[in-house]
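Enquirer:
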Amino acid sequence: MPALNEPKLISGNANKNLAKAITRRMTVHRGLNVDLVDARIERFNDQEIFIEVYENVRGEDMFIIQSTSNPANDNLMELLIMADALRRSSASRITAVIPYFGYARQDRRTKARTPISAKLVANLLVEAGVERILTLDLHATQIQGFFDIPVDNLYAAPVFALDILHQFSDQLKDVMVVSPDVGGVARARELAKRINAPLSIVDKRRERPGEVAEMTIIGDVKGKKCIIVDDICDTAGTLCKAAEVLIENGAAEVHSYITHGVLSGPAVERISNSVMKSLVITDSIQATGPVAKASNIRIVPTAPIFAQAILNIWNGTSVSSLFETETLEPIYDGQLQRLL
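Take 1 as the starting number for the sequence shown in my numbering and just add one per residue.
1) Fully enclosed by the region 6 to 30, which beta strand (DSSP E) runs are 3 residues long or longer?
2) Thinking R372 and D148 are a contact (beta carbons under 8 Å), I'd like their distance in whole angstroms, please.
3) In this structure, does DSSP put L328 in helix, strand or coil?
4) Could you spell out the range, first to last residue, of the beta strand (DSSP E) harbouring A39?
5) Use the C-beta contact count for G250: other C-beta atoms within 10 angstroms, 16 or more gives buried, fewer gives exposed.
6) Any beta carbon of chain C sitting closer than 8 Å to that of F146?
7) Apply the 10 Å Cβ neighbour rule to Y100 and answer buried if 16 or more other Cβ atoms are within range, or exposed otherwise.
8) Starting from A242, follow the alpha helix (DSSP H) in both directions and report where the run begins and ends.
9) Alpha carbon to alpha carbon, what distance is there between L246 and D220?
10) Write down the C-beta distance between R58 and T95 rounded to the nearest angstrom, noting that I regard them as a contact closer than 8 Å.
11) Where does D230 fall in DSSP's three states?
12) Measure the alpha-carbon distance for I10 versus E55 and round it to whole angstroms.
13) May I ask which residues mark the beginning and end of the alpha helix (DSSP H) holding R270?
14) Roughly how many angstroms lie between the CA atoms of L172 and H260, to the nearest whole one?
15) Using the rule of at least 16 other Cβ atoms within 10 Å of the residue's Cβ for burial, across every protein chain shown, is R108 buried or exposed?
16) Could you tell me whether the Cβ atoms of G12 and N75 are closer together than 8 Å?
17) Classify F44: buried if its beta carbon has 16 or more other beta carbons within 10 angstroms, exposed otherwise.
18) State the Cα-Cα distance for the pair A140 and L328, rounded to the nearest angstrom.
19) Where does K193 sit, in a helix, a strand or coil, going by DSSP?
20) Taking the alpha carbon of A243 as the reference point, which residue from A157, I217, K293 has its own alpha carbon closest?
21) For T110, which residues of its own chain have a beta-carbon under 7 Å away from its beta-carbon, when the five flanking residues on both sides are left out?
22) Mind the definition here: the region 260 to 275 touches the region 303 to 314 only if three or more C-beta pairs lie below 8 Å; say whether that holds.
23) Alpha carbon to alpha carbon, what distance is there between S179 and A287?
24) Per DSSP, which one or two residues make a beta bridge with I310?
25) Between V121, D61, E326, which has its C-alpha nearest I98's C-alpha?
26) Distance, Cα to Cα, I195 vs V159?
27) For the alpha helix (DSSP H) holding D163, just list the boundary residues, first then last.
28) Compare the Cα-Cα distances from L86 to each of D61, M176, Y103, E42 and report the closest residue.
29) Between A128, D174, S200, which lies nearest to V185 when the distance is taken from Cα to Cα?
30) Whose C-beta lies closer than 8 Å to the C-beta of N153 among residues of the same chain, with five residues either side of it excluded?
31) Can the beta-carbon of R25 be found less than 8 Å from the beta-carbon of A303?
32) Considering only their Cβ atoms, is the gap separating I228 from S272 smaller than 8 Å?
33) Can you give the Cα-Cα distance for T238 and D170, rounded to whole angstroms?
34) On a Cα-Cα basis, can you pick out the residue from N123, E127, P115, L191 that is closest to F323?
35) Would you check if the distance between the CB atom of I281 and the CB atom of I305 is smaller than 8 Å?
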């Protein structure tokens with residue numbers, strides 16, 4: 001049954017641009033009167049985080065928009081403290097909208113005497129008062145099972161499909177989707193299915209963790225416009241190496257579509273100097289200056305799918321139904337390119 005009051009959104013410092021875009025989308029395109037709740041987030045001299053909410057949120061359906069990206073610990077603490085403040089202010093429900101879920105790569109023990117940090121983060125969020133999670137392309141989907149509350153995991157593949165169908169409209173017969181490793185095949189297959197393209201895989205053999213010793217291409221990429229699809233690009237070393245191997249195996253061009261552009265350290269410089277013609281990322285992580293200025297990096301918007309998912313949660317309707325259609329064109333109102 002739809003809620004009587006309109007949803008209330010509040011944002012931390014991690015991705016205010018996306019938070020504003022979501023509220024604008026809900027107001028302009030969905031006819032609601034939604035704005036970010038007025039709040040103060042400050043740091044004391046010892047860097048402790050303090051939050052004060054200036055508006056009455058008693059009985060309200062609250063959505064906190066906050067990626068836990070770099071600086072991951074500060075942004076995570078902001079999220080936890082905001083949730084605690086809202087819980088103590090008698091909000092009726094608290095949903096954490098986490099476009100990029102930090103610590104997701106620590107989803108299992110890879111060595112003896114190591115933590116499962118993703119599970120710890122899940123426990124902290126629930127303890128702080130979060131009652132629902134909305135996120136995008138979790139690095140490991142099993143993280144949903146770390147929570148005893150509902151977790152809605154949105155997908156970037158349909159958004160990427162819209163962009164690819166526009167960018168390569170007269171060259172689709174030459175496009176091949178590439179998974180950068182065996183673990184990402186399901187994600188790559190979903191994108192390939194949406195654009196009706198063949199699929200190739202990069203098989204990586206490692207001599208030791210963090211070092212790619214050898215890459216073998218499974219599939220014929222000769223003459224193809226290859227599109228590497230993955231969920232995270234951090235330092236871009238493996239991604240740039242995969243692009244080189246594809247070109248060495250006869251690919252005509254290499255483009256990459258990555259959901260979360262972490263892009264730390266030398267990543268932007270590596271991408272700028274690589275054989276990749278373009279890297280497309282979402283705005284799940286707010287772009288730094290170098291990322292925004294890079295000539296071969298583009299950012300596609302996710303505000304429309306987050307806005308619609310928030311509305312569906314607020315209305316008590318299905319979130320998964322957003323991805324059961326052939327295209328997200330209606331959600332983007334046919335305006336993805338105008339939003340770029």
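Yeah, the Cβ is synthetic: ideal placement off N, Cα and C, and Gly gets one too.
Note that the coordinates shown come from a computational prediction; the quantities given were computed from them, not determined experimentally.
Expert: In short, the structure shows the following:
1) The DSSP assignment places 8 to 11 as complete runs of the beta strand (DSSP E) inside the region 6 to 30, in order along the chain (cut-off: 3 residues).
2) No answer is possible for residue 372: it lies beyond the span of the chain, which begins at 1 and ends at 340.
3) Within the sequence shown, the letter at position 328 stands for residue 328. In this structure, L328 counts as coil in the three-state DSSP scheme.
4) Counting from 1 along the sequence shown, the entry for residue 39 is found at position 39. Run containing A39: 39 to 43, per the beta strand (DSSP E) assignment.
5) If you number the sequence shown from 1, residue 250 lands on position 250. Under this definition G250 is an exposed residue.
6) Protein chains in the displayed structure number just one, and chain C is not present.
7) Here residue 100 is taken as the residue at index 100 of the sequence shown, counted from 1. Burial is judged here by how many other beta carbons sit within 10 angstroms of a residue's own beta carbon; Y100 has at least 16 and is buried.
8) What you label residue 242 is simply residue 242 of the sequence shown in a count that begins at 1. Per DSSP, the unbroken alpha helix (DSSP H) holding A242 starts and ends at 237 to 248.
9) Translated into the one-based positions of the sequence shown, residue 220 becomes position 220. Translated into the one-based positions of the sequence shown, residue 246 becomes position 246. Computed Cα separation, rounded: 10 Å.
10) Locating residue 58 in the sequence shown gives position 58, counting from the first residue. Locating residue 95 in the sequence shown gives position 95, counting from the first residue. Approximately 17 Å separates the beta-carbon atoms of R58 and T95; this is outside 8 Å, ruling out the contact.
11) Locating residue 230 in the sequence shown gives position 230, counting from the first residue. D230: strand per DSSP, three-state reduction.
12) As a position in the sequence shown, residue 10 is number 10, starting the count at 1. As a position in the sequence shown, residue 55 is number 55, starting the count at 1. Their backbone Cα atoms lie some 11 Å apart in a straight line.
13) Working through the sequence shown from its first residue, we reach residue 270 at position 270. Taken as a continuous stretch (DSSP letters only), the alpha helix (DSSP H) holding R270 covers 267 to 272.
14) Residue numbering aside, residue 172 sits at position 172 when the sequence shown is read from its first letter. Residue numbering aside, residue 260 sits at position 260 when the sequence shown is read from its first letter. Distance between the alpha carbons of L172 and H260: 25 Å.
15) The residue labelled residue 108 in the question sits at position 108 within the sequence shown. The C-beta of R108 has fewer than 16 other C-beta atoms within 10 Å across all chains shown, which makes the residue exposed.
16) In the sequence shown, residue 12 corresponds to position 12, counting from 1. In the sequence shown, residue 75 corresponds to position 75, counting from 1. At a Cβ-Cβ threshold of 8 Å, G12 and N75 count as neighbours.
17) Indexing the sequence shown from 1 puts residue 44 at position 44. With a threshold of 16 other beta carbon atoms within 10 Å, F44 falls short and is exposed.
18) In the sequence shown, residue 140 corresponds to position 140, counting from 1. In the sequence shown, residue 328 corresponds to position 328, counting from 1. If you draw a straight line from the Cα of A140 to the Cα of L328, it comes to about 23 Å.
19) Counting from one through the sequence shown, the residue named residue 193 turns up at place 193. K193: helix per DSSP, three-state reduction.
20) The count along the sequence shown starts at 1 and reaches residue 243 at position 243. Cα-wise, what sits closest to A243 is I217.
21) Position 110 of the sequence shown, counted from the first residue, corresponds to residue 110. Residues of the same chain with a CB within less than 7 Å of the CB of T110, apart from the 5 flanking positions on each side, do not exist.
22) The answer is no - the region 303 to 314 does not touch the region 260 to 275, with fewer than three Cβ pairs under 8 Å.
23) Residue 287 sits at position 287 when you count from the first residue of the sequence shown. Residue 179 sits at position 179 when you count from the first residue of the sequence shown. Cα to Cα, A287 sits roughly 24 Å from S179.
24) To locate residue 310, count along the sequence shown from 1; it is residue 310. According to DSSP, which records beta bridges pairwise, I310 is partnered with nothing at all.
25) Mapped onto the sequence shown, residue 98 falls at position 98. Of the candidates V121, D61, E326, the one whose C-alpha sits nearest the C-alpha of I98 is V121.
26) As a first step, residue 195 is located in the sequence shown; it is residue number 195 there, counting from the start. As a first step, residue 159 is located in the sequence shown; it is residue number 159 there, counting from the start. Those two C-alpha atoms are separated by around 11 Å.
27) Along the sequence shown, one-based indexing puts residue 163 at 163. Going by DSSP, D163 is part of the alpha helix (DSSP H) stretching over 157 to 167.
28) To locate residue 86, count along the sequence shown from 1; it is residue 86. Looking at the Cα atoms, D61 is the closest of the given residues.
29) One-based indexing of the sequence shown puts residue 185 at position 185. Nearest option by C-alpha distance: S200.
30) Residue mapping note: residue 153 aligns to position 153 of the sequence shown, counting from 1. Residues T135, L136, D137, L138, T141, Q144 of the same chain have their beta carbon placed closer than 8 Å to that of N153, with the five preceding and five following residues left out of the count.
31) Counting from one through the sequence shown, the residue named residue 25 turns up at place 25. Counting from one through the sequence shown, the residue named residue 303 turns up at place 303. The answer is yes: Cβ separation under 8 Å.
32) In the sequence shown, counting from the first residue as 1, residue 272 sits at position 272. In the sequence shown, counting from the first residue as 1, residue 228 sits at position 228. No, these two residues do not count as a Cβ contact at 8 Å.
33) Residue numbering aside, residue 238 sits at position 238 when the sequence shown is read from its first letter. Residue numbering aside, residue 170 sits at position 170 when the sequence shown is read from its first letter. Whole-angstrom Cα-Cα distance: 30 Å.
34) On the sequence shown, position 323 is the one that residue 323 refers to. Of the candidates N123, E127, P115, L191, the one whose C-alpha sits nearest the C-alpha of F323 is L191.
35) For this step, residue 281 is matched to residue 281 along the sequence shown. For this step, residue 305 is matched to residue 305 along the sequence shown. Not in contact: I281 and I305 (Cβ atoms no closer than 8 Å).
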